[in-house]
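J.: As numbered in numbering that gives the first Met the number 0, residues 0 to 374 make up the sequence shown, in order. The following block contains the structure, expressed as structure tokens.
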Amino acid sequence: MEKVKNLVVGCGLSGATIARQIAEICKEEVTIIDKRSSIAGNCYDYIDENNICIHKYGTHIFHTNLEEVWKFLSRFTKWHPYFHQVVAQIDGKEVPIPFNFNSIEMIFPYEMAKKFEKKLINRYGFNIKVPILELKKEGDKDLEFLAQYVYEKVFLNYTLKQWGLSPEELDPTVTGRVPIYISKDNRYFQDKYQGIPMEGYTRLVEKILDHPYIHIHLSQDYHKIKNDIEFDKLFFTGCIDEFYDFEFGELPYRSLNFDFRTYPYPYFQRNATVNYPNNFDFTRIGEYKYFLNNTSDHTVVSYEYPEPYIRGENDPYYPIIKKENQLLYQRYLNKAAQDPRHIYFLGRLGDYKYYDMDKAINRALLLFKEVKEKW
Ligand SMILES: Cc1cc2nc3c(=O)[nH]c(=O)nc-3n(C[C@H](O)[C@H](O)[C@H](O)COP(=O)(O)OP(=O)(O)OC[C@H]3O[C@@H](n4cnc5c(N)ncnc54)[C@H](O)[C@@H]3O)c2cc1C
């Protein structure tokens, strides 16, 4: 039986962040394991034979307003300035997403577009994001027409493909991520800090983990070794339902299948991300060379096909945030609160939350502070 002081399960951003804080601030040894053969979790990237940086688990763009998170990461990486833009194929045109004034002007005749814009500004003000489901409930006939158009053409089928659910079945925190933006700003994010780690995400995580007190063991599934290892404290970034042997049932997740293609020409599309709300079975195509501006006479894209998560067959990517799942998650949380061992759950899977990278790191930083009080 091996005995360790601090065991961290998962070498993604959540696990790496908490491991670093424990090693650096508490000056304690940390053992970190991952069942994958790579570090960096879903942010894992690598340079392919065409000198293009590929994000193995789908396109990842860093953005945050959280000063502390930006400062923490910037100790370990320089940043390549990058402002993400997304377009969607709507009725044969590529229009900016979130749907904004430029999108309105591309779709509707001039007079009509101006009328919508004036009404939106009068009702909400400028530089505001309005969730589509909220706009649908407006008393105004024109705004309701606009909302219905965007709902049908941009939102409904994309959501059905992405989640296998209608927008109304999902929590507003998820559907609120697809607003109408009262602006001419085509950037997908408006955060103060945006960019791509200059040497990629894997190198960033490698540097976070580069500390003499941190010991990394890859290709180790916690569930296979749990009877051979003892710990004082465990920080678990895997699925909380799996940790408790699915005692109350399985928490549902959405998974993805990435179909990567290499093409023998410099560019495939004019944007890093093109969404396909209404045509095809895939939701979007990501083109990787845009992120670090890699030069190559080839290009690599991934077609993203959402699918249900099936244990043992694919990966759990997105928690499905809806009421009954939250209640089930709460049962596991109550169970964790009664667990006499020092076990802390965090990360997208441990917290069953739709975290972006910055929120996952922030959660790890805050959890560390909380636990350190009792150290
Ligand atoms: C397709 C996609 C695109 C995304 N795009 C963006 C984006 O553009 N911007 C953004 O900010 N965020 C994005 N995200 C979110 C981002 O990936 C997450 O916020 C971040 O990866 C969370 O890190 P984590 O450490 O919590 O989880 P993960 O990265 O999932 O890491 C968890 C790790 O735990 C390991 N693990 C699980 N169970 C066990 C076990 N039993 N034993 C050992 N190891 C285990 C897993 O193998 C994994 O490596 C995206 C997510 C997806 C799925």
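Here a beta-carbon is modelled for each residue, glycine too, at the ideal position from N, C-alpha and C.
1) Quick check on Met197: buried or exposed, where buried means 16 or more other Cβ atoms within 10 Å of its Cβ?
2) Does the stretch 327-346 come close enough to the stretch 165-185 to have 3 or more Cβ pairs within less than 8 Å?
3) Given a cut-off of 7 Å on the beta-carbon distance, is the pair Tyr308 and Tyr252 in contact?
4) Can you tell me whether Asp227 is buried or exposed? The criterion is at least 16 other CB atoms within 10 Å of its CB, across all chains shown.
5) For Ala271, which of Ile320, Asn256 and Thr58 has the nearest alpha-carbon?
6) Do the stretch 31-48 and the stretch 210-224 meet, that is, are 3 or more Cβ pairs less than 8 Å apart?
7) Taking the continuous beta strand (DSSP E) assigned at Arg347, which residues delimit it?
8) Would you tell me roughly how many angstroms separate the C-alpha atoms of Glu143 and Ile131, rounded to the nearest one?
9) What's the gap between the Cα of Asn53 and the Cα of Phe61?
10) Out of curiosity, what's the CA-to-CA distance linking Glu372 and Trp69?
11) Check for me: the beta strand (DSSP E) holding Arg35 runs from which residue to which?
12) Applying the 10 Å Cβ sphere with the 16-neighbour rule, what's the burial state of Glu116?
13) So what does DSSP say about Lys135, is it helix, strand or coil?
14) So, Ile320 versus Tyr353, is the Cβ gap smaller than 7 Å?
15) Tell me the DSSP bridge mates of Ala18?
16) Looking at the strands, I want to know which residues DSSP matches up with Gly285.
17) Consult DSSP for Asp240 and reduce its assignment to one of helix, strand or coil.
18) My output table needs one value for Phe234: the three-state DSSP class, helix, strand or coil.
19) Would you call Thr63 buried or exposed, if buried means 16 or more other Cβ atoms sit within 10 Å of its Cβ?
20) Can you grab the Cα-Cα spacing for the pair Asp40 / Gln20, in whole Å?
21) Under the assumption that Glu27 contacts Asn5 (Cβ atoms under 8 Å), give the Cβ distance between them as a whole number of angstroms.
22) Along the chain, where does the beta strand (DSSP E) that runs through Asp220 open and close?
23) Is the Cβ-Cβ distance between His341 and Lys232 less than 7 Å?
24) Anyone know if the C-beta pair for Phe290 and Arg186 falls short of 7 Å?
25) Could you tell me how far apart the beta carbons of Tyr275 and Thr298 are, in whole angstroms, since I believe they sit closer than 8 Å?
26) Going by beta carbon distance, what residues of the same chain come within less than 7 Å of Phe242, once the five residues before and after it are set aside?
T.: A quick look at the data gives this:
1) exposed
2) no
3) yes
4) exposed
5) Answer by Cα proximity: Thr58.
6) yes
7) Per DSSP, Arg347 belongs to no beta strand (DSSP E); it is in the alpha helix (DSSP H), Gly346 to Gly349.
8) 10 Å
9) The residue asked about is misnamed: residue 53 is Ile in this sequence, not Asn. Going from the Cα of Ile53 to the Cα of Phe61 covers about 15 Å.
10) 24 Å
11) Here Arg35 belongs to no beta strand (DSSP E), and DSSP marks it neither H nor E.
12) buried
13) Coil.
14) yes
15) DSSP output for Ala18 lists no bridge partner at all.
16) Thr272 and Ser301
17) Under the three-state reduction of DSSP, Asp240 is assigned to helix.
18) strand
19) buried
20) First, the residue type needs correcting, since residue 40 is Gly and not Asp in the sequence shown. So the two alpha carbons sit approximately 18 Å from each other.
21) 6 Å
22) Where Asp220 is concerned, there is no enclosing beta strand (DSSP E), given that its DSSP letter is neither H nor E.
23) Using a Cβ distance threshold of 7 Å, His341 and Lys232 count as a contacting pair.
24) no
25) With a contact defined as Cβ atoms closer than 8 Å, Tyr275 and Thr298 miss out at about 18 Å.
26) Phe235
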